[in-house]
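Participant: Dropping a structure here in structure tokens format, bear with me for questions.
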Amino acid sequence: MDNQEKEQPDFIEIENSKRNSFVEGDGTFEEARNYVEIIAGNPCGTFGVPYLSLRNKSNDKKVGVTIEVRWMYNNRPRTESRIYNTFPGQVVGLGCPIPGPTSQRFDYILIAAWFI
Numbered sequence: 000m001d002n003q004e005k006e007q008p009d010f011i012e013i014e015n016s017k018r019n020s021f022v023e024g025d026g027t028f029e030e031a032r033n034y035v036e037i038i039a040g041n042p043c044g045t046f047g048v049p050y051l052s053l054r055n056k057s058n059d060k061k062v063g064v065t066i067e068v069r070w071m072y073n074n075r076p077r078t079e080s081r082i083y084n085t086f087p088g089q090v091v092g093l094g095c096p097i098p099g100p101t102s103q104r105f106d107y108i109l110i111a112a113w114f115i
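So in numbering that gives the first Met the number 0, spot 21 of the sequence shown is number 20, and the numbers just go up one at a time.
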């Protein structure tokens with residue numbers, strides 16, 4: 000992640016990630032990933048960027064997901080992994096990519112998905 004400010008955050012999806020692409024339950028990472036997505040919602044924060052949420056698109060499958068959050072703090076890259084277990088049709092709020100007046104950016108990346 001570069002240190003330049005951008006008007007809108009990057010929504011990064013890792014298509015063929017091997018990192019944390021473990022399988023629990025039935026199916027594979029690629030199959031489970033088809034049932035979840037990061038969606039943009041209403042404007043948030045000082046800059047009015049879209050609030051991000053995680054949505055389980057399935058009507059009958061529970062999906063576990065690992066989301067990696069990346070940001071810069073004191074010119075050093077930081078990361079945090081968050082695990083969510085989603086029920087069919089559930090929407091979980093992730094956060095605002097640029098929440099405050101400092102223009103600090105948070106990128107939310109779908110790292111892994113599996114069926115529960």
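Ideal Cβ positions, reconstructed from N, Cα and C, are used throughout, including at glycine.
1. Determine, using beta carbons only, whether residue 63 and residue 39 come nearer to each other than 9 Å.
2. Mind checking whether residue 87 and residue 57 have CB atoms under 9 Å apart?
3. Run through the stretch 34-59 for me and flag every whole beta strand (DSSP E) of 3 or more residues, listed as ranges in chain order.
4. Identify whether residue 69 lies in helix, strand or coil by the three-state DSSP scheme.
5. Short of 8 Å in beta carbon distance, which residues of its chain neighbour residue 105, apart from the five on each side in sequence? Order them along the chain.
6. Within its chain, find whatever has a CB closer than 6 Å to the CB of residue 54; leave out the 5 residues flanking it on each side and keep chain order.
7. Where does residue 75 fall in DSSP's three states?
8. Check for me: the beta strand (DSSP E) holding residue 108 runs from which residue to which?
9. For the beta strand (DSSP E) that contains residue 99, what are its first and last residues?
10. Could you name the residues of the same chain whose beta carbon sits closer than 6 Å to that of residue 44, not counting the 5 residues immediately before and after it, in chain order?
11. Between the alpha carbons of residue 72 and residue 78, how many angstroms are there, rounded?
12. Using CA coordinates, which residue listed in 102, 103, 83 is at the minimum distance from residue 109?
Facilitator: So, from the data block:
1. no
2. yes
3. 35-43, 48-55
4. strand
5. 8, 68, 69, 70, 94, 95, 96, 97, 98
6. 36, 38, 90
7. strand
8. 105-114
9. Unbroken run through residue 99: none, as it is neither H nor E.
10. 95, 97, 98
11. 10 Å
12. 83
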